[in-house]
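Q:
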Amino acid sequence: VQLQAFGGGLVQAGGSLRLSCAASGRINSVNVMGWYRQAPGKQRELVAQITRGGFTQYVDSVKGRFTISRDNAKNTVALQMNSLKPEDTGVYYCKANEYSGGMAYWGKGTLVTVSS
7 VQLQAFGGGL VQAGGSLRLS CAASGRINSV NVMGWYRQAP GKQRELVAQI TRGGFTQYVD
67 SVKGRFTISR DNAKNTVALQ MNSLKPEDTG VYYCKANEYS GGMAYWGKGT LVTVSS
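In our numbering, the protein residues as written are 7 to 122.
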C-alpha cells in the first residue's frame, strides 16, 4: 500500500487547512486509515483515525475542531482542520493499517505550520 499526502502549508491561528491522503495498492487489505503528527521535539501522536466502516477516533486536543472523513470508493482519507492553533504545528503523516494486526503503512509527511 502506498500513501501520498497533500495539503499542508502555512496558516494563521484560527484558520483552516484540509489534508488529503490517497492510497494505492492492496487497498482491500486496509481497515483503519488515520493521521498522525509530530511536533518539533515531540513524539509522533495519533490525531484522528477512521475505520473502513466509518468509526472515528480523535485525540482530545482536536475534538470539535478537526474532522476525519474517508471515501472508500476513491481510496482517500481527508482531515479537515478548523480553528487551528499554533500547537497544531507539526509534520502530519497519513497511516494505513491492515485488518487483524497486519501491516502498517506510512506516507511521507506534510508540514503544517500555524502562526500566532
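By construction, the Cβ of each residue, glycine as well, lies at the ideal position given by its N, Cα and C atoms. As the structure is a computational prediction, the values presented were derived from the model and not from experiment.
Does DSSP put G60 in a helix, in a strand, or in coil?
A: Numbered from 1 along the sequence shown, position 54 holds the residue referred to as residue 60. G60 falls in the coil class under three-state DSSP.
Q: Just to confirm before moving on: does the CB-CB distance between K91 and V118 stay below 8 Å?
A: Along the sequence shown, read from residue 1 onward, the residue named residue 91 stands at position 85. Along the sequence shown, read from residue 1 onward, the residue named residue 118 stands at position 112. Cβ distance not < 8 Å, so K91 and V118 don't count as in contact.
Q: For the stretch 53-70 against the stretch 7-21, do three or more pairs of beta-carbon atoms, one drawn from each stretch, fall closer than 8 Å, so that the two count as touching?
A: no
Q: Have a look at E93, R32, A28, R71 and flag the residue whose alpha-carbon is nearest the alpha-carbon of G115.
A: Looking up residue 115 in the sequence shown gives position 109. Of E93, R32, A28, R71, the residue nearest in Cα terms is A28.
Q: For N37, tell me which candidate among G113, F72, M109 has the shortest Cα-Cα distance.
A: For the purposes of this step, residue 37 is identified with residue 31 of the sequence shown, where counting begins at 1. When each option's Cα is compared against that of N37, the closest is M109.
Q: Between T62, S26, S89, which lies nearest to N81 when the distance is taken from Cα to Cα?
A: Here residue 81 refers to the residue found at position 75 when the sequence shown is read from its first residue. Ranking T62, S26, S89 by Cα distance to N81 puts S26 first.
Q: Taking the beta carbon of F72 as the centre, do at least 16 other beta carbons fall within 10 Å, making it buried, or is it exposed?
A: Locating residue 72 in the sequence shown gives position 66, counting from the first residue. Buried, since its Cβ has 16 or more Cβ neighbours within 10 Å.
Q: Using a Cβ-Cβ cut-off of 7 Å (strictly less than) and excluding sequence neighbours within five positions of Q63, which residues of its own chain qualify?
A: Position 57 of the sequence shown, counting from 1, holds the residue named residue 63. A54, Q55, listed in sequence order.
Q: Go to I33, then tell me how far its beta strand (DSSP E) extends in each direction, as first and last residue.
A: The residue you call residue 33 lines up with position 27 of the sequence shown. Segment: none, I33 is in no beta strand (DSSP E) and carries neither H nor E.
Q: From the DSSP secondary-structure annotation, give me the bridge partner or partners of M87.
A: The sequence position of residue 87 within the sequence shown is 81, counting from 1. M87 pairs with L23, F72.
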